[in-house]
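The sequence shown runs 32 to 920 under the working numbering.
One structure is given below, encoded as structure tokens.
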Amino acid sequence: MKRRHGEPVPPRLAERLLEWAAPKGRTGQSVVGDAREELSAHLRSRSMVPPGLWYWMHVLPIVVHHLVLGLGAAPGAVPGAVAAILRDGRLAVRTLSRRPGLAMAVVATLALGIGGSTVAFSIVNAALLAPLPYDEPDELVGIYRLRTDLPGGIPDAAAASQSYSVPPLTFRDWEDGARSFEAMGAFEGVAFSYATPDGPVPVAGVSATSGAFRAFGVAPALGRTILPEDDERGGTRVAVLGAGFWARALSADPSVVGRTVSLNGIPHVVVGVMPPGFTFPYDGVDVWTPLSDERRGWPTRSGGFLQVVGRLADGESVHEAQEEVASLQDRLGERHEEERDLTARLYPWREMQVAGARPGILLLLSAAGLVLLIACANITNLLLVRALERDHELAIRRALGAGRTHIAAQLLSEALVLALLGGGVALLLAAGALAPLLSALPMTLPNAAGVRIDPQVLAFALVVSCAAGLATGLVPAWRTLHDGRRGPLLGSAAGKHGRKHRAHSALAVSEVALAFILLSGAALSLKSFVQVSSEDRGFETENRLAMRVSLPAEYRADGAAITRFFEGLTGRLSARPDVVAAGAASQMPYSGGVSFPPASVETAEGVTSTNLHNSAVSLGYFATAGIDVLRGRPLEARDGADALPVAVVNETLARTFWPEEDALGRRLRLDLPGDSVWRTVVGVVEDVRYGFGWDPFPEFYTTIAQRPLWYQTVLVHSPHDDRVIAQAMRETLWSLDGDIPSEVRTWEELIRRSRGFTFARFSARAMTILATLAALLAVVGVYGVVAFTVRSRRHELGVRVALGGTQPGILVDVLTRGLRLAVSGILIGSAVVLAAGRYLDPTLFRGGTRDPSVLGAVALSLAVTGLVASALPAFRATRVDPVEVLLPE
Numbered sequence: 032m033k034r035r036h037g038e039p040v041p042p043r044l045a046e047r048l049l050e051w052a053a054p055k056g057r058t059g060q061s062v063v064g065d066a067r068e069e070l071s072a073h074l075r076s077r078s079m080v081p082p083g084l085w086y087w088m089h090v091l092p093i094v095v096h097h098l099v100l101g102l103g104a105a106p107g108a109v110p111g112a113v114a115a116i117l118r119d120g121r122l123a124v125r126t127l128s129r130r131p132g133l134a135m136a137v138v139a140t141l142a143l144g145i146g147g148s149t150v151a152f153s154i155v156n157a158a159l160l161a162p163l164p165y166d167e168p169d170e171l172v173g174i175y176r177l178r179t180d181l182p183g184g185i186p187d188a189a190a191a192s193q194s195y196s197v198p199p200l201t202f203r204d205w206e207d208g209a210r211s212f213e214a215m216g217a218f219e220g221v222a223f224s225y226a227t228p229d230g231p232v233p234v235a236g237v238s239a240t241s242g243a244f245r246a247f248g249v250a251p252a253l254g255r256t257i258l259p260e261d262d263e264r265g266g267t268r269v270a271v272l273g274a275g276f277w278a279r280a281l282s283a284d285p286s287v288v289g290r291t292v293s294l295n296g297i298p299h300v301v302v303g304v305m306p307p308g309f310t311f312p313y314d315g316v317d318v319w320t321p322l323s324d325e326r327r328g329w330p331t332r333s334g335g336f337l338q339v340v341g342r343l344a345d346g347e348s349v350h351e352a353q354e355e356v357a358s359l360q361d362r363l364g365e366r367h368e369e370e371r372d373l374t375a376r377l378y379p380w381r382e383m384q385v386a387g388a389r390p391g392i393l394l395l396l397s398a399a400g401l402v403l404l405i406a407c408a409n410i411t412n413l414l415l416v417r418a419l420e421r422d423h424e425l426a427i428r429r430a431l432g433a434g435r436t437h438i439a440a441q442l443l444s445e446a447l448v449l450a451l452l453g454g455g456v457a458l459l460l461a462a463g464a465l466a467p468l469l470s471a472l473p474m475t476l477p478n479a480a481g482v483r484i485d486p487q488v489l490a491f492a493l494v495v496s497c498a499a500g501l502a503t504g505l506v507p508a509w510r511t512l513h514d515g516r517r518g519p520l521l522g523s524a525a526g527k528h529g530r531k532h533r534a535h536s537a538l539a540v541s542e543v544a545l546a547f548i549l550l551s552g553a554a555l556s557l558k559s560f561v562q563v564s565s566e567d568r569g570f571e572t573e574n575r576l577a578m579r580v581s582l583p584a585e586y587r588a589d590g591a592a593i594t595r596f597f598e599g600l601t602g603r604l605s606a607r608p609d610v611v612a613a614g615a616a617s618q619m620p621y622s623g624g625v626s627f628p629p630a631s632v633e634t635a636e637g638v639t640s641t642n643l644h645n646s647a648v649s650l651g652y653f654a655t656a657g658i659d660v661l662r663g664r665p666l667e668a669r670d671g672a673d674a675l676p677v678a679v680v681n682e683t684l685a686r687t688f689w690p691e692e693d694a695l696g697r698r699l700r701l702d703l704p705g706d707s708v709w710r711t712v713v714g715v716v717e718d719v720r721y722g723f724g725w726d727p728f729p730e731f732y733t734t735i736a737q738r739p740l741w742y743q744t745v746l747v748h749s750p751h752d753d754r755v756i757a758q759a760m761r762e763t764l765w766s767l768d769g770d771i772p773s774e775v776r777t778w779e780e781l782i783r784r785s786r787g788f789t790f791a792r793f794s795a796r797a798m799t800i801l802a803t804l805a806a807l808l809a810v811v812g813v814y815g816v817v818a819f820t821v822r823s824r825r826h827e828l829g830v831r832v833a834l835g836g837t838q839p840g841i842l843v844d845v846l847t848r849g850l851r852l853a854v855s856g857i858l859i860g861s862a863v864v865l866a867a868g869r870y871l872d873p874t875l876f877r878g879g880t881r882d883p884s885v886l887g888a889v890a891l892s893l894a895v896t897g898l899v900a901s902a903l904p905a906f907r908a909t910r911v912d913p914v915e916v917l918l919p920e
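What follows is the structure, given as structure tokens:
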């Protein structure tokens, strides 16, 4: 907690509430001053309770007592208020102990509602609220180069975070020309291999400039980070290690600085070790190195492969920095043709990290909040029934001199005691649920390792428990205050049953409406997930294994060597008797990533400049992946390095640029240095989807011989045991080069580990669980209202039976009441879903919130469950004995 002139500063909201509860003038100032002095004493005691949490625990009882009794805090009133709260609490515990069944039901229901909200908040806290592990993280921004003519306009942070759009030449111009930044750095993700006794293993790495480390401002645990002299071409190869990799690979050797490690078969001098928890630019990075000489010397401004991060200088705003960088980019466009029609855009770094996860996380928190509201409505109904049952007792207390406000405070105290007990059980449930939850969380969730029950989560659970206690106790307390205007010993006045039935019914209708909203969201999410999972991806995944291969630096300058290596690797694998086919692709769906370099396409109107996805593939790739050739021919052996440059395009590209013409014979090219050659289209293949929920985009394929790329994903189709084939793939790779790391996975596993799939599956499962719980609570609510109605109408029902009323008529009457409650809730919930559906639409891959089949199914299921919930009370109503009800005892 921050201090000002040696004095502790309590949480602002808590202090404002205390000032509001205290009387005006010196008396109130004295109360607030006393609270600060007690906070100082708490700080000096070095208690393990966080100061903020302690202050809230100190203030809330005073505020609650002021709300209920109108207590103006005065000198000496603070301990008096606490004593009064404790006295009311003890009385509430004694009263509740007489009805242990009711207390247990209330505590269990609240524990489920508060527990779900606590778990959801722990995720929100870790991913969206916890401070980034950097110095002054709000000064960090991501800087991106974007086209000005994009169809959807300037992309949001989630879309921009996937863009590696800055070439080194542009970055250096930004770094030299921008004055709004204290530091600016560039980086790209790389894959390293590290030799172990069991063979080389892949290591996640990042190549970065020294400015990136200056921007993040985190000191190393050992040694140093990358310095400006390391950015120079031809310098010593150095490496900074992550704490996890240092411990795993080097046994946390404290003398590691100065040692040499081999990455991709190249010696690197270890110059530093970063502290645990350092996550630049994302979790899981083990090694940081300077940009390679090849990447530093990238000769063109076309395309781009770097991401840029900057730290704002003191006194500079994001708006001012945005204007400066955009102006710099405009001047570059005037001097360089490749920079035209491009602009620069700044995004807060935190937003870049969480943009993709934010909608799903907030949806989960909202769903958990709705479950809590339903639970509170249920508990309110139970406590209201309990208060009605105690009418005579409360009337006697009034006659003996108890004030209305004191009786209301007692009822509120009982609700608070139950809520706090429910909150305690909820914390136990949440703590037990976190371990399985973390195993189900998508690994791409920001700061997934930080999901825990920390002081912030404890404070949230406490506040939610108190809020739930107030929410569930206010209606019974208000009813006591309202009914207290009549004589204390009067019986039930005319119309009283109508009023209490309306209150119960309103609560039940609200439960059904909230349940409808949650069930609709869950059903829509589940349907969207199932639709995307079952749609045609354009390729076959059954019995396919994939292995990512990145060739060392000695291969990369020799296109012929690259071609021989991958043709030899796929040829050896396809020659095995247990392999049906083998192939390779530089960018394979769900495996090799995507990029959209600048390109040109010949159309009927002339040459069109655009950005196209491209993959260099081996000759057997289409057959191995199960991608059908629709027209023309596939890539063949005759399409060698010295042959006519050719390409195979997908349906989307052909339809986009040649909608009324045959694509065969048309030409296109990449506008990249050393690769700007016109290629003739010889075939058209079916579209493939590169990510979960993605639509196909224009792309074309070339042979590895005509575009030798040193990174490929090798694909093998074999019906035999995956483990045997995976080992054969590794051994075949090492027979060509024993220093290349390998990681073999099934293609289906790659899909299931992808970001879109894991988030969609997690969201669908979480929403389904919460919606099911909400539906159960709503059914219980409807049952409780109908059962209470039948119980309070026993005299009326007895009269009806005595006058000749039939059992079917009574049954229909009671069932109709339950159905009316369900239908009313369904109508309200439908209106909310239709009105606010646009907030759910971005979380759906397919379809939208106005899906009549889904909304109709949810409505029908809730209507049926409403009837089922009413069945038992309706059956009891038909069993009413008029003699027992009407004759006095």
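We put the CB at the ideal spot given by N, CA and C, even for glycine.
One alpha carbon belongs to Thr-820, the other to Phe-547, and they sit about 23 Å apart. Under the Cβ criterion (8 Å, minimum of three pairs), the region 669 to 681 does not count as touching the region 758 to 774. Minimum Cα-Cα distance from Leu-764 among the listed residues Val-580, Leu-465 and Ala-539 corresponds to Val-580. Val-318 is bridged by DSSP to Gly-236 and Leu-272. Within the same chain, and ignoring the five residues on either side of Val-648 in sequence, the residues whose Cβ sits closer than 6 Å to its Cβ are Ala-616 and Tyr-732.
Counting the other Cβ atoms within 10 Å of the Cβ of Glu-370 gives 16 or more, which makes it buried.
With respect to the 8 Å criterion, Pro-727 and Arg-720 are classified as neighbours on the basis of their beta carbons. Within a 10 Å sphere around the beta-carbon of Trp-205 sit 16 or more other beta-carbons, which makes this residue buried. Where Gly-705 is concerned, there is no enclosing beta strand (DSSP E), because DSSP gives it neither an H nor an E. Annotated three-state conformation of Asn-642 is strand, per DSSP. Leaving aside the five residues that flank Ala-446 on each side, the residues in its chain whose CB is nearer than 7 Å to its CB run, in chain order, Leu-414, Gly-500, Thr-503 and Gly-504.
If only uninterrupted alpha helix (DSSP H) runs of at least 4 residues are considered, those enclosed by the region 630 to 695 are 652 to 656 and 682 to 688. Leu-395 is positioned such that its CB atom lies no closer than 8 Å to that of Ile-771. Going by C-alpha positions, Ser-773 is about 11 Å away from Tyr-225. A distance below 8 Å separates the beta carbons of Glu-667 and Leu-650. Judged by pairs of C-beta atoms under 8 Å, the region 743 to 751 does not touch the region 706 to 726, as fewer than three such pairs exist. In the three-state scheme derived from DSSP, where H, G and I count as helix and E and B as strand, Gly-504 is classed as helix. The criterion of a C-beta distance shorter than 8 Å is satisfied by Trp-87 and Ala-490. DSSP places Arg-700 in the strand class (E or B) of the three-state scheme.
Close CB contacts of Arg-603 within its chain, under the 7 Å cut and outside five residues either way in sequence, are with Thr-763 (chain order). Bridge pairing for Ile-174: Val-339 and Leu-377 [DSSP]. Per the C-alpha coordinates, the member of Ala-406, Val-90, Gly-724 and Pro-390 positioned closest to Leu-801 is Ala-406. Taking a 10 Å sphere around the C-beta of Leu-160, we find fewer than 16 other C-beta atoms and assign the residue as exposed.
The beta carbons of Leu-70 and Pro-41 sit about 6 Å from each other, so the pair counts as a contact at 8 Å.
Excluding residues up to 5 positions away in sequence, Phe-653, Gly-714 and Val-716 lie with their Cβ nearer than 7 Å to the Cβ of Val-660 in the same chain.
With 16 or more other CB atoms across the displayed protein chains lying within 10 angstroms of its CB, Ala-539 is buried. Ser-622 is positioned such that its CB atom lies no closer than 8 Å to that of Ala-613.
Contiguous beta strand (DSSP E) elements confined to the region 345 to 406 occur at 373 to 379, taking only those with 3 or more residues. Here the C-alpha atom of Ala-862 lies approximately 17 Å from the C-alpha atom of Arg-851. DSSP lists Val-340 as the bridge partner or partners of Gly-216. In the DSSP annotation of this structure, the continuous segment of the alpha helix (DSSP H) that includes Leu-852 starts and ends at 838 to 867. For His-826, there is no enclosing beta strand (DSSP E); the enclosing alpha helix (DSSP H) has its first and last residue at 825 to 833.
Bridge pairing for Gly-614: Leu-746 [DSSP]. The straight-line gap separating the alpha-carbon atoms of Phe-247 and Pro-608 is approximately 53 Å. Here Asp-345 has no same chain residue with a Cβ atom under 6 Å from its own Cβ, once five neighbours each way along the sequence are excluded. When DSSP states are grouped into helix, strand and coil, Ser-293 belongs to the strand group.
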